[in-house]
Every structure is written in structure tokens, then in C-alpha cells.
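Numbering (the working numbering), first residue to last: -3 to 468.
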Amino acid sequence: MNKSAVVKFREKVGYGLGDAASSMFWKLFSMYLLFFYTDIFGIPAAIVGTMFLVTRIWDSLIDPIVGVMGDRTESRWGKFRPYILWVAVPFGIIGVLTFTVPGFGEGGKIVYAYITYTLMMMIYSLINVPYASLLGVMSSDPKTRTELSSYRMIFAFGGSIISLLLIEPLVEIFSRTKEGVNLAFGWQAAIGVFAVIAVVFFMGTFFWTKERVKPIKEENNALGDDVKDLFRNRPWWILLGAGVAALIFNSIRDGAAVYYFKYYVDDIGVFKLGFVDASLSLTTLYLVLGQIANIVGIVLVTPISNRIGKKNTYMFAMVIATALSIGFYFIGKNSIGAILGLQFLISMCAGSIFPLLWSMYADITDYSELKTGRRATGLIFSSSSMSQKLGWTVGGALTGWLLGYYGFKANVVQNADVQNGIRMMLSFLPAVGTALSVIFIFFYPLTESRMEEVEKGLGEIRSKQSSSKVHA
């Protein structure tokens, strides 16, 4: 790799900050938003599930449009970095509005939730698709991309830990008003804190990163050609299916976790934070432990994948997650050590696959460029964001619908059927997602040896083009 193209430590940190910002909100959405809507906002779980499905399907269709826009953007900052600069502040503002309870009746609240949540998901696409695409143009070296992806994931789960560790204490603190406890204001103010942090992190990404990789063809591609190339790209379809299945697994487990502890385990405060007069609950401990385990998985994935390959690493991680998830069902609510232990192991497997997914999407970009002569980084990376949204959509909608199906009612003692249903949502049901992900990735063709051939082919083309420009 050319020395001028070496990605230094500060730039890796800068790239990671962007996903720390996104993940703070992503994790709050996936683990607390359904709970916020049912127990604080005051609308039924089944209605929330339908809202998640409708708004997220629409939003998933936005992602490829944003990807195409990025591919065709020309600025002094590059193709993708400008969006991070332009959208950071709106991202923070809409995030706060999403966790704001308006003074409306149930019908008005549902309309407000649809509008603000739809806007939040669109804003998320406008900043996260270009951010994801940035990985494909920071370096052309596959190992550097895996390393960048690992930095991204470490910072992502670091951001998640920040939000999960602080959300309940901040809500508790801000909820104390002169008029009494106001949970609605507590949530709004707590999210405001995360919004400010997110904007600062996004600015760090914008100022500390650089776009280097140029397409082998400088002229603009026809959108129809790019889309046709994408639909003919077999590795893309396979990775899309694997990603959707993995996100269904994560989404159901994450969405049901708060209910599991509140309505089955009977959550209690574990650690008292005397200096701020707040406490950390067992729920918080469980969720934060999961994020720490995710980071452990990310740290381990690079040396393991360098040794046995990305595809094999992904498959082994998902097979283990499937078996452990099934085992989670058989743990009693008093076996706290076993609950936390399996959470750590399952989360370690889950965390390890996401750097692989992002790195494989970058490989697919190169594969497509060699095969077609056209580079569509933004469009291909937008599909990765789309797979996240689709998996999250199906998983989130299923979580709300399943709670409604089992007969869940907010803020009351749940019967045995509801409790058993919640247990299923942390065990057998998400295990279906991991099993499907294994089946998809089994057919993934871009092994390390194949990618060496791709990089060699692209290198020869670029070398010839550079030579012809010199002699022109």
C-alpha cells in the first residue's frame, strides 16, 4: 500500500466517532423506544409495531437514494463527508423531538409519533449512509478496511455503552421537578444531552477523515446502469440476506430486554450512585454488559478473520449465537449469574459479525467495479444501511406485535403467558434469525483468495490508466 494512503491513528479515531454518535441513538431506539412509547408516551404495543413497520419500510427505500446522491456529489470535501457536516445538527434536534411527549390525546400522539419517527429515520439515513460509504473511499486495502471497520464498531459499542449506562440515571435526575416526578421531561432532557454529544462526535468525523479512493472511471455513471449492476451482484444479495437476518436477531433481543427485566425478573436497583442520587438497575447492567461483550467480539474478530477468513468467522459466530440463544430460554429468573453470562457470550458473537459485514460490503464494491467498470460505493453501502433498517424493521415490528399477541398491558403485572412470550423473545425467536444468517453466508463467494484476484485486477487497470494519462 502506498505510504501516502496510510490511514493514521487519528483518522481511525475520527472515523470511529461517527458511529459512536449514530449508535448512541440507534441503541436507544432499539432497546428503549418501544418501551418509551408504551410506558411513557402511552400508546399500545401493537400500534407501535405497525408504526415501526410502516415508517421503517419507507425509510429503507430512502437509503439507496441517499447512496446515489453521495456517488454523484462533488465538493471540496469529497463525496460523503459533506453530508456529515450538513446533517449533524438536524440529527440532534429531531432526536430530541422523537423522545418528546406532546400534550395530545391518543390519536394525536400516534400522529405525532409517526411524523417525528419518520423524520428521525430519514435524517438517520442522510447522515449514516454517507458515513458508511466513507469506509469504501478511505482506503482500498482490504485489511485496512477491516481495521477501520473494527475501529468503527468499537466506537459504536462505546457510544452504546455511554447511552445505556447514562440513560436511566439521567432520566431519573431530570425527572425530579418542583411539581414532582415528570418522566416525560426526564426523557426529553436526557436525550438532549446525547444529542449534543452526537453533534460533537460527528464534527470530529468530518474534520479528521479523508477520502482517497477514486473510481477507475471519472465520468458519471447512469443511475439505471448502477441499479442493474447491483441487482445482478450475487454476493450483494447474499450479504443483504445475512445482514437482515442478523438484525432481526438483534432487534428482537434488544427490544424485549427491558420488558424481560421489568415484567419477568422484577428488576431492582443494583448500584446506588450516591454522588448524583441515582442508581443503576439490573437492566442497565445487562445491557451495558452486552455492549462490553460486543467490543470483545470486535477486538477478537480481526486476528481470527485474518487467520480463517471473514466468511468462516461469520459462520462460526452465528452458529454459536444460535445455540446459546436457545439455551437462554431454560434459565430461571433467579439465576442472575447465568443470565448475565449467556448475555455476554451471545453479545460477543453478535458483535464480532458487524465489522465483517461492513468490510465485506467494501469488498463487494471492488468486485462490482472490476466486473462492470463502474464504481457505485454509495449505492452499495446504502444497501448495507438498508439491510440494517429492514432487519430492524421486521424485528421491531415483530416485537411490538408479539407483545400485543401475548396480551401485554403496560405498567401492570403480567400473567404467565405474557412472561413466557417475553422469554421466547430473548431465546428461540431471535435464534431463527441467526440460523437464517448462517444459511445465507454459507453461499457467500468472495473469499480472501478471490479478493486478492479482484485487487490485482483493479490495480492493473488503475496502473494502465495512470500510464496512459502520463503519455497523453
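In this text, a Cβ means the ideal position worked out from N, Cα and C, and glycines have one as well.
Buried or exposed: where does residue i fall if 16 or more other Cβ atoms within 10 Å of its Cβ makes it buried?
| i | result |
| --- | --- |
| glutamate 215 | A caution first: glutamate 215 carries a pLDDT of 48, below 50, which makes its placement in the model unreliable, though a value can still be read off. Exposed: under 16 other Cβ atoms inside 10 Å. |
| valine 414 | buried |
| proline 500 | Absent from the model: residue 500. The displayed extent of the chain is -3 to 468, so no value can be given. |
| valine 2 | exposed |
| glycine 220 | exposed |
| aspartate 262 | exposed |
| arginine 148 | buried |
| tryptophan 82 | exposed |
| alanine 412 | exposed |
| isoleucine 304 | exposed |
| glutamate 168 | buried |
| arginine 6 | exposed |
| serine 121 | buried |
| valine 44 | buried |
| glutamate 164 | buried |
| threonine 142 | buried |
| glycine 387 | buried |
| proline 60 | buried |
| lysine 306 | buried |
| arginine 72 | exposed |
| arginine 228 | exposed |
| phenylalanine 438 | exposed |
| serine 473 | Nothing can be reported for residue 473, as the shown portion of the chain is limited to -3 through 468. |
| valine 107 | exposed |
| threonine 114 | buried |
| serine 331 | exposed |
| threonine 530 | The structure shown has nothing for residue 530, since the chain only spans -3 to 468. |
Do residue j and residue i have their beta-carbon atoms positioned less than 8 Å apart in this structure?
| i | j | result |
| --- | --- | --- |
| phenylalanine 153 | isoleucine 349 | no |
| threonine 309 | valine 292 | no |
| leucine 398 | glycine 429 | no |
| phenylalanine 197 | leucine 13 | yes |
| glutamine 384 | leucine 243 | yes |
| leucine 130 | phenylalanine 76 | yes |
| serine 156 | glycine 391 | no |
| alanine 109 | isoleucine 39 | yes |
| phenylalanine 436 | alanine 241 | yes |
| phenylalanine 95 | glutamine 184 | yes |
| tyrosine 256 | leucine 422 | yes |
| threonine 389 | phenylalanine 37 | no |
| leucine 353 | glycine 239 | yes |
| tyrosine 28 | valine 177 | no |
| threonine 225 | serine 26 | Rather than threonine, the amino acid found at residue 225 in this sequence is aspartate. No. |
| methionine 311 | valine 434 | yes |
| alanine 406 | threonine 34 | yes |
| aspartate 15 | phenylalanine 181 | no |
So residue i and residue j are supposed to be a Cβ contact under 8 Å. How far apart are they, rounded?
| i | j | result |
| --- | --- | --- |
| leucine 166 | valine 189 | 6 Å |
| valine 133 | glutamate 207 | 5 Å |
| proline 86 | isoleucine 119 | 6 Å |
| methionine 344 | isoleucine 158 | In fact, because the Cβ distance is near 19 Å, the residues do not count as touching under 8 Å. |
| leucine 235 | tyrosine 440 | 7 Å |
| threonine 395 | alanine 252 | 6 Å |
| glutamate 365 | proline 138 | Between proline 138 and glutamate 365 the Cβ distance is about 14 Å, and since that is not below 8 Å, they are no contact. |
| alanine 186 | phenylalanine 170 | 6 Å |
| glycine 10 | threonine 140 | Going by Cβ atoms, the distance from glycine 10 to threonine 140 rounds to 15 Å, so no, they are not a contact pair. |
| leucine 144 | lysine 23 | So it is not a contact: roughly 21 Å between Cβ atoms. |
| valine 62 | serine 378 | 6 Å |
Going by C-alpha distance, which of the options is nearest residue i?
| i | options | result |
| --- | --- | --- |
| isoleucine 360 | Asp262, Leu454, Gly392 | Leu454 |
| proline 231 | Ile376, Leu24, Trp82 | Ile376 |
| proline 78 | Lys307, Pro126, Arg249, Thr114 | Pro126 |
| asparagine 290 | Val107, Val209, Tyr28, Leu338 | Leu338 |
| glutamine 410 | Ala319, Trp354, Ser301, Tyr259 | Tyr259 |
| isoleucine 111 | Asn302, Leu353, Arg52, Val254 | Arg52 |
| methionine 117 | Val97, Ile90, Gly403 | Ile90 |
| threonine 279 | Phe312, Ile335, Tyr11, Ala358 | Ile335 |
| tyrosine 402 | Leu386, Arg419, Gly387 | Arg419 |
| serine 135 | Lys210, Lys306, Tyr28 | Lys210 |
| phenylalanine 404 | Tyr11, Ala42, Ser277 | Ala42 |
| methionine 482 | Pro299, Ser331, Leu341 | With the chain represented from -3 up to 468, any question about residue 482 goes unanswered, as that position is not in the structure. |
| aspartate 222 | Asp67, Tyr28, Ser459, Thr34 | Asp67 |
| alanine 17 | Gly333, Ala128, Ala427 | Ala128 |
| alanine 358 | Lys174, Arg458, Met447 | Met447 |
| serine 146 | Ile300, Ala393, Ala319 | Ile300 |
| isoleucine 288 | Gly347, Lys329, Glu444, Val64 | Gly347 |
| alanine 524 | Val97, Ser321, Thr173, Gly333 | Nothing can be reported for residue 524: it is not among the residues displayed for the chain, which extend from -3 to 468. |
| tryptophan 233 | Thr173, Met382, Glu70 | Met382 |
So, does the CB of residue i fall closer than 8 Å to a CB anywhere in chain C?
| i | result |
| --- | --- |
| alanine 16 | The chain labelled as chain C is not found in the depicted structure, where only one protein chain is given. |
Which runs of the alpha helix (DSSP H) spanning at least 4 residues fall entirely within the segment 154 to 217, listed in chain order? 179 to 204
Hey, which unbroken runs of the alpha helix (DSSP H) at 4 residues or more fall wholly within the segment 290 to 349? 306 to 324
Whole beta strand (DSSP E) runs in the segment 58 to 128 with 3 or more residues, listed along the chain? none
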